[in-house]
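Comments concern the structure below.
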Amino acid sequence: MKALALEGRQTSLVAEYVMKILGLDICADTIVGDEMVKGISGGQKKRLTTGELLVGSARVLFMDEISTGLDSATTYQIIKYLRDSTHALDGTTIISLLQPAPETYELFDDVILISEGQIVYQGPREYAADFFAAMGFRCPERKNVADFLQEVLSKKDQQQYWCQYDYPYQFVSVTKFAEAFKTFVIGKRLHDDLDRPYNRKHNHPAALSTSNYGVKRLEILKSSFQWQRLLMKRNSFIYVFKFIQLLLVALITMTVFFRTTMHHDSVDDGIIYLGALYFAIVMILFNGFTEVSMLVAKLPVLYKHRDLHFYPPWAYTLPSWLLSIPTSLIESGMWTLVTYYVVGYDPQFTRFLGQFLLLFFLHQTSLALFRVMASLGRNMIVANTFGSFALLVVMILGGFIITKESIPVWWIWGYWISPMMYAQNAISVNEFHGHSWSKPFADQNITLGEAVLTGYGLFKEKYWFWIGVGALLGYTIVLNALFTLFLTILNPIGNMQAVVSKDAIRNKESRRSDRVALELRSYLHSNSLNGLKLKEQKGMVLPFQPLSMCFKNINYYVDVPEELKKQGIAEDRLQLLVDVTGAFRPGVLTALVGVSGAGKTTLMDVLAGRKTGGLIEGSISISGYPKNQETFTRISGYCEQNDVHSPCLTVIESLLYSACLRLPSHVNDDLLFMKRGGQLIYAGPLGSKSRNLVEFFQAVPGVPKIRDGYNPAAWMLDVTSTQMEQILGVDFAEYYRQSKLFLQTKEIVEALSKPNSEVKELTFSTKYAQPFCAQFIACLWKQNLSYWRNPQYTAVRFFYTVIISLMFGTICWKFGSRRETQHDIFNAMGAMYAAVLFIGITNATSVQPVISIERFVSYRERAAGMYSALPFAFSLVTVEFPYILVQSLVYGTIFYSLGSFEWTAVKFLWFLFFMYFTLLYFTFYGMMTTAITPNHMVAPIIAAPFYTLWNLFCGFMIPRKLIPVWWRWYYWANPVSWTLYGLLTSQFGDLDQPLLLADGIRTTTVVAFLEEHFGFRHDFLGVVATMVIGFCVLFAVVFALAIRNLNFQRR
1 MKALALEGRQ TSLVAEYVMK ILGLDICADT IVGDEMVKGI SGGQKKRLTT
51 GELLVGSARV LFMDEISTGL DSATTYQIIK YLRDSTHALD GTTIISLLQP
101 APETYELFDD VILISEGQIV YQGPREYAAD FFAAMGFRCP ERKNVADFLQ
151 EVLSKKDQQQ YWCQYDYPYQ FVSVTKFAEA FKTFVIGKRL HDDLDRPYNR
201 KHNHPAALST SNYGVKRLEI LKSSFQWQRL LMKRNSFIYV FKFIQLLLVA
251 LITMTVFFRT TMHHDSVDDG IIYLGALYFA IVMILFNGFT EVSMLVAKLP
301 VLYKHRDLHF YPPWAYTLPS WLLSIPTSLI ESGMWTLVTY YVVGYDPQFT
351 RFLGQFLLLF FLHQTSLALF RVMASLGRNM IVANTFGSFA LLVVMILGGF
401 IITKESIPVW WIWGYWISPM MYAQNAISVN EFHGHSWSKP FADQNITLGE
451 AVLTGYGLFK EKYWFWIGVG ALLGYTIVLN ALFTLFLTIL NPIGNMQAVV
501 SKDAIRNKES RRSDRVALEL RSYLHSNSLN GLKLKEQKGM VLPFQPLSMC
551 FKNINYYVDV PEELKKQGIA EDRLQLLVDV TGAFRPGVLT ALVGVSGAGK
601 TTLMDVLAGR KTGGLIEGSI SISGYPKNQE TFTRISGYCE QNDVHSPCLT
651 VIESLLYSAC LRLPSHVNDD LLFMKRGGQL IYAGPLGSKS RNLVEFFQAV
701 PGVPKIRDGY NPAAWMLDVT STQMEQILGV DFAEYYRQSK LFLQTKEIVE
751 ALSKPNSEVK ELTFSTKYAQ PFCAQFIACL WKQNLSYWRN PQYTAVRFFY
801 TVIISLMFGT ICWKFGSRRE TQHDIFNAMG AMYAAVLFIG ITNATSVQPV
851 ISIERFVSYR ERAAGMYSAL PFAFSLVTVE FPYILVQSLV YGTIFYSLGS
901 FEWTAVKFLW FLFFMYFTLL YFTFYGMMTT AITPNHMVAP IIAAPFYTLW
951 NLFCGFMIPR KLIPVWWRWY YWANPVSWTL YGLLTSQFGD LDQPLLLADG
1001 IRTTTVVAFL EEHFGFRHDF LGVVATMVIG FCVLFAVVFA LAIRNLNFQR
1051 R
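Heads up: the sequence shown begins at 1 in the UniProt record's numbering, then just goes up one per residue.
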């Protein structure tokens, strides 16, 4: 970030040097990637994490297992750099490693050996072995000291190092070692040093930092601004997509509220214009909702940067606010330009500017509101629920769905704090004080525009426009301040401290006493996978067919990234594997070795058939027959470098799940060695103690001999590095291709490429090991456990439903029993409309992260041939049924009671029926949008416009009879319109009591009003019910087909 702030420079000298040391210079312009998008390798990601700290000015470094996923040569180079910098800069560095190589271990000055939470040794590295020798345990001459230090504490391995043969061996526990260390000379010296207070006179003035951050505030702000601008540029697709969506919805809106069908002659005409203004406000509000998922995805990085004091939270929130201003200008400007004059709003230019200004500030308020919800929720599911709840409260109490006069006195405070109330009043005042609405109304001393405002419970004073603008500006400032506060004081969800349960302690003790097998057997008997019985059977010998795999001239190409093209690379494709030839034989364990980024994972993906993009050349055969991917997955297993599992299953349940869907089914012998660039430099047998490997490379002139006790794996990586190739003037890939070993490998490949008469081609009668029903039951068992153990989804959804039920019930108190006026019917319909839309949208948004995670897990499991896509998809559909049923019962019982709707069995069951299937189709719609999009961040962007269109065409803002003929078809294609049809008609469609209309003069019956105004008929309920069920089936089927046919994983 510091480099970004330097004018004219893209990187700094320190950053360049650290990239070179860590070997990241070769991938400097490659995106990092994630589980869906292929980026840098796993080892390079590990080094990137290390590099983030090394480029700073940290004087104390705590580094936890930084060698995981790295080859020994790279680990050695990184630790050597850390040692040199620690010595030169007088820094403090502590690094935890798992069994480092001897040459790496020798780089350390001090060693801390810890086991079972106790320090066994702490002191100079060279005295560690002496301490254990004093205890009677000697490290053999050719033994790696680091391995010895770990094994000597193990009950299984300790005895082999006992050297005091005059005394019988007895196991020495960790506690005894720890006590003995206190009496050892190093331990005594450590104790004395700690007892003696430190003399502060020896402090150097620069020993401790006097500021929280490494650079000045202005430079931090500038760096953060540039960083966020770069992220916006990289995510430009999302912003462009949102602009296009908004434009399409604006075009649809202007054709629905077309000026030739819109008039300025009556209060009813004004109410239609109010509906158009309300929809504009809703659209701008909804367009900010995507901020939730985008921010939650960034939070882990933000928390890491905050905790490492890269920058303060305000340095993130302020640039994000400033950078959102252009998007607000574009979105509000685009909407106003497209809709204003075509809809037929007042033609005065000042009114046009007023609407644009108000929508701009409303969009800013919306973005700030949803950032607050995301920073408060911190989890994708919880944050989406919070966002939906905030949107609901703002809209239900905004004064349009339920008029101000109808809001109960105990909720009127919510009306005054709703940003939408200020937006609705301000935009309405801006419109209805225009010249088009200035004609006098009846015999009263007010204009038609003022009559519309007062008739709908809105304020009619002109100054309310500026009150609305000022209120929205104030909300924007306050909400951004809250956003900063929450980023400052809140931490990621989850306990940071380690907690050991009683069960974990019992498990640890049982492992010590060899009771695991008994407990596992007991578990298998008691947990039968809901019908998948694990029966005890007699032993049998499984027939096993040895198979060989050979591959010839494998080349793999990917498209060159745009960043590299800008640097002058003319080629369209980048070659990652170069003529790789080899064979895997039965009974031979082959090691695939290479430095990080050499192409090991790429080759494995190609051979296993996991690549979803790029161009593959060459041939792969199984026992001489061309590889068939469908049958190959049945007999292969793939253990990925970065694996993802269903987070809510236990270890044993994950294994049992895999076992139910799969077949009832020493040292390295061969080596496949690759260098950077995807080229082979060794393929063949290792020999005893890696003799063949060592002799092959030592035959190259200038290659240094291997030292005694040196790890051959580390040695071969050292002597074949890019630097050694330059020093020796040798291309090891070319040297291998000219060697006898390469000819021998080719002969083996040629032999294995020809089918053997004794070996038949690998075929199976079915594609999967288990039939469709067994796959479905196993997937349903897994999803049932996952849902039950996911309270952030299930529990939060039920809690939200209870809160919404109570809130709606108390806001809409006794709405169901009021049937005297047209406004009573509108209020009841508004309550139903708000509940359907917001509980439904909450279900749709909260299910998206869950489906996204499970879909990614399914990519791995389906690639392994565990099950097909349809059983997996239908299990996700089926598992929702009971949860939605309980949710419908909770909402229906509470709201129906508090709303005082008519208590008859038929009407109550109709209400539950429509709510149940409505929540189902909303949930399935959320699942469907996730299935057709790459991830849960894009899914809400795809879904949002349809929510607004369902809102527009549901019949609440503009009745079906007033919708232009060319758009009336969408009313019938809108699931929400069928839900409102069913809910309103089932409750009021059989009432013949008189109803006072809006003008206060005419009367009609409730039945006649529903038919004349909305076109609702009670005898049509059967068709309505069928259509609502049909939408559930439609979304579920599209979801299943999308899961089967679409794969967004890029490998």
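For every residue, glycine included, the Cβ atom is placed at its ideal position computed from N, Cα and C. Nothing here was measured: the structure is a model prediction, and the numbers come from that model.
- Distances from the CA of L391 to each of T842, Q822, T581 and V249 were compared; the closest alpha carbon is that of T842.
- With a cutoff of 7 Å on beta-carbon distance, L576 and L479 are scored as not near each other.
- 7 Å or more divides the Cβ of F1035 from the Cβ of F917.
- If you draw a straight line from the Cα of V1024 to the Cα of T1004, it is about 25 Å long.
- CA-CA distance, P197 to L190, rounds to 13 Å.
- Here C779 has Y867, P871, F872 and S875 as same chain residues with Cβ atoms under 7 Å from its own Cβ, once five neighbours each way along the sequence are excluded.
- Membership of D268 in the alpha helix (DSSP H) is indicated by the continuous run V267 to N287.
- One thing to note: S897 has its Cβ no nearer than 7 Å to the Cβ of M915.
- Counting only runs of at least 3 residues, the region 416 to 504 fully encloses no beta strand (DSSP E) element at all.
- The beta carbons of D147 and Q99 sit closer together than 7 Å.
- With the rule of 3 Cβ pairs closer than 8 Å, the region 312 to 330 does not count as touching the region 409 to 418.
- For the set T476, F696, L603 and M674, the Cα lying nearest the Cα of L322 is the one of T476.
- DSSP places Y81 inside the alpha helix (DSSP H), whose first and last residues are S72 to L89.
- The beta carbons of A831 and F815 sit about 6 Å from each other, so the pair counts as a contact at 8 Å.
- Secondary structure at D579: strand, using DSSP grouped into helix, strand and coil.
- Looking at the backbone, the Cα of F632 and that of Q744 are separated by about 27 Å.
- In the structure shown, P791 adopts coil according to DSSP, grouped into three states.
- The residue from V55, V240, R819 and N491 with its alpha-carbon nearest to that of D307 is N491.
- Closest in C-alpha terms to K705, from the list F1048, S85 and V694, comes V694.
- Residue pairing by DSSP places C550 opposite A583 and S621 in a beta bridge.
- The three-state reading of DSSP puts S67 in coil, since its state is none of H, G, I, E or B.
- S115 is bridged by DSSP to Q118.
- Annotated as distal: G51 and V14, with beta-carbon spacing of 7 Å or more.
- By a beta-carbon distance limit of 8 Å, T365 does not contact T484. Their separation comes to about 16 Å.
- Between the C-alpha atoms of M294 and V802 there is a straight-line separation of about 28 Å.
- Per DSSP, the unbroken alpha helix (DSSP H) holding F742 starts and ends at K740 to S753.
- Rounded to the nearest whole angstrom, the C-alpha separation of G599 and S852 is 28 Å.
- DSSP places Y947 within a helical segment (H, G or I) once states are collapsed to three.
- Under the 8 Å Cβ criterion, the region 248 to 265 does not count as touching the region 395 to 406, having fewer than three qualifying pairs.
- For S548 against L728, the beta-carbon gap comes to about 35 Å, at or over 8 Å, which does not count as contact.
- L1034: member of the alpha helix (DSSP H) spanning L1021 to N1045, first to last residue.
- For V593, the enclosing beta strand (DSSP E) stretches over residues T590 to G594.
- When only Cα atoms are considered, I932 and F1039 end up about 8 Å apart.
- For T1005, the uninterrupted beta strand (DSSP E) run begins and ends at T1003 to T1005, by DSSP.
- With a beta-carbon spacing of about 13 Å, M957 and Y456 fall beyond the 8 Å limit used to define contacts.
- In the structure shown, A683 adopts extended strand secondary structure according to DSSP, grouped into three states.
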